[in-house]
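Below is one structure, written out as structure tokens, with a few remarks after it.
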Amino acid sequence: MTGDYLLEIGSDEIPARYLPGAVEDLKHRAVEAFRAARLRFEEIETYGTPRRLVLYVRGLEEMSEDAVSRVRGPSKKAAYDADGNPTKALLGFCKSLGIEPSRVTLEGEPGSEYVYGERHEKGRPVTSVLPEIIPGVVMGIDCPHPMRWGEENWRWFRPIRWVVSLYETEVVPLKVAGKVAGRVTYGHRSLHPKEAYVPSAGEYFRVLSSVFVEVDGEKRTEKILGEARRLAAREGGKPVVDEELLSEVASISEHPSPFVGRFDAKYLGLPKDVLITSMRHHQRYFPIVGDDGALRPAFIGVRDGDPENGIETVRKGNEWVLRARLEDASFFFEQDRKVSLYDLLPQLEGVRFIKNAGSMKDKAGRMEEIAGFLAGVLGLPEAEARAAKEAALLAKADLLTAMVGEFPELEGIMGGQYAGMEGLDPLVAGSIAQHYMPRGSKDKIPAKGAPSIVALSDKLDTLAVSFALGIEVSGSQDPLGLRRNALGVVAIVTGHGYDLTMEDLTGLPLKLASGVVSDPSPEAKSRMAAFLKARLETVLLEQGIPVEVVRAVLSGNETRLARAEGMARALADLVGTVELADLVTGWRRVGVLGKSAASREVGEALLKDEAEARLYEAVKVRKEHLEKAFESGDYAGYLRLLVELKPHIDRCLDEVLIMTDDMPVRENRLALLGSVADFWIGYADFSLLKSLVPSG
Amino acid sequence: MGKFLYFREVVSALQDFWFEKGCAIGEPYDLEKGAGTFNPFTFFRVLGPEPWKIAYVEPCRRPTDARYGDNPYRAGYYFQFQVILKPPPDMVVEMYIESLERLGLRREDHDIRFVEDNWESPTLGAYGLGWEVWLDGNEITQFTYFQEVGGIQVNPISCEITYGLERLAAYIQGKGSMWEVEVSPGLTYKDVYLEQEKQFSAYGFLHADTDLLRRQFDEWEAECKRLLKEGLFLVAYDCALKCSHLFNLLDARGALSVSERQNYILKVRAMTRDCARVYVKSKEVSKGDR
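The listed protein sequences derive, respectively, from chains A and B. Using our numbering, the first residue of the first sequence is number 1, and each one after it goes up by one. Using our numbering, the first residue of the second sequence is number 1001, and each one after it goes up by one.
This is the structure:
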């Protein structure tokens, strides 16, 4: 016999951002727990609303499966006496399994045999198994930020208020967080703010829908999206939908009812980003955009409640809040338009950057210089380099605007906006607008050229000044966001493949920083480089490249960050192959002696033995190929060439006595090995790869 | 919209409602503070195991939020209606919604949302989990389950419900700004509080004597420590409250660097933490005497 099982955990409102994960995790944990308890089922489904998590098990067998397991008992010596009769130990063992002594078997090497018996476990009624596993499944759900409550200090998203647990029509008695399960659930907070009875598991969804609760998050999402599109079309446009907002809105309602709100068209004079931020970030509205790409003076809000009753009040209330926000924004915008970014520049003198490191005005000057330098290294055309410098100088001016004071998330964006309206070069405006990007690990990087140069100048300056000040980043202590800045540098440099060396990235910024920081830390340079490398390491590891490979490449002599990914991938591709073993052995053989080489000058006349001459020859014919392969980013080709050197290295070291007493010859041989080793060291520290090579 | 209520009536309706739910009705504490949480009715009483239910109006001062009366929703001086339920009853959220209905805000006519918002007060060494409550898109209440106060894990937890009275009244009265709220017939919020808002904005941003503030901070901090040694935690806590406000003024004045600011926060936090510790210890001792 099979039946359906329903579990509903009722709680105070679960935060929207955790709901989708909780629904997933509940399913995952339930499947595991049911399997471990030998409960057979056809299907497990999970659902969630802000106020409930639901587990629905279809076709659950009434009894758990029987099981047989083999259990080891006492040793043969302990199990039988001298006459071969069962001892107390054996009788006890058999009793515990409920079997006769004659049913055991002996297994093992002669002299160390043990008694084995079978334990037969009968299946048990599902109604007595579930109470044992359900509390653990529910309380075990991954809560990234749990709260603690109640007599026993329970921990979950928010307090658990009720539990419904039904196998077909029968209540499966259990307790979760002190709540005794029953068949009473609660309806929608405003449409049915009272109890509802669930007669059987199968009727759950019908009951919930009769008390105005849609348990299925996907259906809520579809409804919101469909309604939003329909309503927006009536306003002559489409809703601006981003997945994050949609998921949040669907996770914050049990009975979503989208509605249209409007605002005065006079606010359309505000920049689009300001309007969108006011609607989306603060109020969770979907803006409406027309076919021409321009915003319509309307929005889609989502009420958790009836689509009609009281909707006028709700609409008015929401329009009222938005009007207040837009009124604020217009006021700020008008104030800001009265001054230009260049007018604001001197006032940056009064805005502190970091304590003991001067003002934002000083920072702007440094950014301008860094941007100019980077534009030169990367060979930007004259006009673009000029734009980068101007944008770097002006990028921070919007900190003094009223709009950024109110909406800090618009910093940079507003500066770009105002720069465009003032008639500055669009490239300058765009570079200012993008200079905070990437704002997080998932954000886009600024466009190639001036925008990226300006973004780099900002981040490198912040890092350089912080390290010059000796600021430490540890654990959660990163008030200046140095990790985000460094990740941004790494993302931009690698994303655009900028061939900038560590010296390019740290040299000038630190030199400029030492002009504003008194008594700069002597370790600033090495710490800043290590910090950037550590971020790069994180990025590479997230891509699934083995940690040994990542560390090896980052410990090599190559300092152009943009190259690490390709180099690491080429090496990672060789993991498990004989080529990697050859590379590691090759490095070890030349590296150990090569290290003591005083020079890299190899005199051909001094190559006495054939084996060393061959090695010399083999390197000589490949030298140009190696360099070309490396510079063009053909790292697989580079490594192949190194592998080809392996037999020559082997032969040379097998046949030639390197440490001969003939000093000039010895020096020459060491120089040869040193020059060969350089090809390895330039790529990676191969000593870190030993653990990847069997019997290394 | 529901029935028109004067500001005064909003307050009394909430007092009546929570009184009926078994809360004591407290009065404001007579020192400057940034939030109702700073009132000893909350700060001390949420520590320890004894049940505690209280509701009270609390005037709050946040010099950095002062706007010379120009902002429709933000001011450096405003009122909170604070409810503490220790331990919170199971259906506390439902109870809160009923309190809105008492104000004429019937749930079926509106959209009430609980949007995650985790609250933290660095100077009180306190944090909790909860929501901001939206009424038709307007943020009207902060709803928090305390987890830690004075650096001490609270057990049982308390529920703190903080209504923003001006916003709530403005919405009920259909006003576009807190300054237009009718306090009583013929008298607006502006008539009563605008001049004060302007003067205190100017003081906090322009005229506060930062040397004096720093000096006073140091003196009250020393006094706080001295009094704690005497076991006078309530008096010492007053000193900590004074320091907290002095810090807020220095902050509004823009007199503090990032690290200095952090330092001041840590100092206030240490004071409130020590007050909490001495309080908890004194309770343990007095229990032992019984």
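Just so you know, even glycine gets a beta-carbon here, dropped at the ideal spot from N, CA and C. Because the structure is a prediction, the values reported are computed rather than measured.
Check: Chain B contact for Gly182/A (CB, 8 Å cutoff); Outcome: no
Check: 7 Å Cβ cut-off: residues of chain B touching Gln283/A; Outcome: Gly1137
Check: Chain B contact residues for Trp149/A, given Cβ-Cβ distances below 7 Å; Outcome: Tyr1145 and Ile1157
Check: Gly269/A, DSSP secondary structure in three states; Outcome: helix
Check: Ile44/A (DSSP reduced to helix, strand or coil); Outcome: strand
Check: Cβ neighbours of Tyr267/A in the same chain (closer than 6 Å, five flanking residues each side left out); Outcome: Leu326
Check: Complete runs of the alpha helix (DSSP H) confined to the stretch 1193-1253 of chain B [at least 4 residues]; Outcome: 1210-1229 and 1233-1252
Check: Selected residue, minimal CA-CA separation from Tyr1269/B, among Val1280/B, Ala1252/B, Cys1239/B and Leu1256/B; Outcome: Reading off the sequence shown, one finds Arg at residue 1269/B, where the question assumed Tyr. Nearest of Val1280/B, Ala1252/B, Cys1239/B and Leu1256/B to Arg1269/B, Cα basis: Cys1239/B.
Check: Inter-stretch contact (C-beta, 8 Å, three-pair minimum) for the stretch 466-485 of chain A and the stretch 385-395 of chain A; Outcome: no
Check: Residue-level contact to chain B via CB, Asn309/A, 8 Å cutoff; Outcome: yes
Check: Boundaries (first-last residue) of the alpha helix (DSSP H) holding Gly515/A; Outcome: Met502 to Val516
Check: Alpha-carbon spacing of Phe1143/B relative to Trp1018/B, whole angstroms; Outcome: 15 Å
Check: Under the three-state DSSP convention, the category Leu96/A falls into; Outcome: First, the residue type needs correcting, since residue 96/A is Ser and not Leu in the sequence shown. Of the three classes helix, strand and coil, the one that applies to Ser96/A here is helix, per DSSP.
Check: Length of the line joining the Cα atoms of Glu235/A and Arg296/A; Outcome: 7 Å
Check: Phe1004/B classed as buried or exposed, judged by whether at least 16 other C-beta atoms fall within 10 angstroms; Outcome: exposed
Check: Beta-carbon contacts of Thr169/A that lie in its chain and below 6 Å, excluding the five residues immediately before and after; Outcome: Ser200
Check: C-beta neighbour in chain A for Asp1065/B, strict 8 Å; Outcome: no
Check: Distance between beta carbons of Met403/A and Met414/A, contact taken as under 8 Å; Outcome: 5 Å
Check: Stretch pair the stretch 1131-1148 of chain B + the stretch 1063-1070 of chain B: three plus CB contacts closer than 8 Å; Outcome: no
Check: Short-range partners of chain A found in the stretch 1201-1220 of chain B, where Cβ spacing is below 7 Å; Outcome: none
Check: C-beta neighbour in chain A for Gly1125/B, strict 8 Å; Outcome: no
Check: Where Lys1086/B falls: helix, strand or coil (DSSP); Outcome: strand
Check: Span separating the alpha-carbon of Lys219/A from that of Ala22/A; Outcome: 17 Å
Check: Buried or exposed (CB count within 10 angstroms, at least 16 for buried), Asp519/A; Outcome: exposed
Check: First through last residue of the beta strand (DSSP E) which encompasses Ile288/A; Outcome: Phe286 to Val289
Check: Proximity test, Ile471/A beta-carbon vs the ligand GTP heavy atom, cut-off 7 Å; Outcome: In terms of ligand content, the structure shown is empty, and the ligand GTP therefore cannot be addressed.
Check: Range covered by the alpha helix (DSSP H) that runs through Gln335/A; Outcome: Ile311 to Arg337
Check: Span separating the alpha-carbon of Leu580/A from that of Leu641/A; Outcome: 12 Å
Check: Same chain only: Cβ atoms within 6 Å of Asp685/A, ignoring 5 sequence neighbours per side; Outcome: Ala552, Ser555 and Gly556
Check: Buried versus exposed call for Asn668/A [16 or more other C-beta atoms within 10 Å across all chains shown]; Outcome: buried
Check: Residue-level contact to chain A via CB, Arg1102/B, 8 Å cutoff; Outcome: no
Check: Chain-ordered chain A contacts of Ile1097/B [CB-CB under 9 Å]; Outcome: Arg189, Ser190 and Pro193
Check: Assigned exposure category for Asp343/A - 16 Cβ within 10 Å defines buried; Outcome: exposed
Check: Per-residue DSSP class, three states only, for Phe407/A; Outcome: coil
Check: 8 Å Cβ cutoff, Ile1112/B in contact with chain A; Outcome: yes
Check: Given Ala613/A as reference, the closest of Ser278/A, Ile658/A, Val215/A and Ala397/A once Cα atoms are compared; Outcome: Ile658/A
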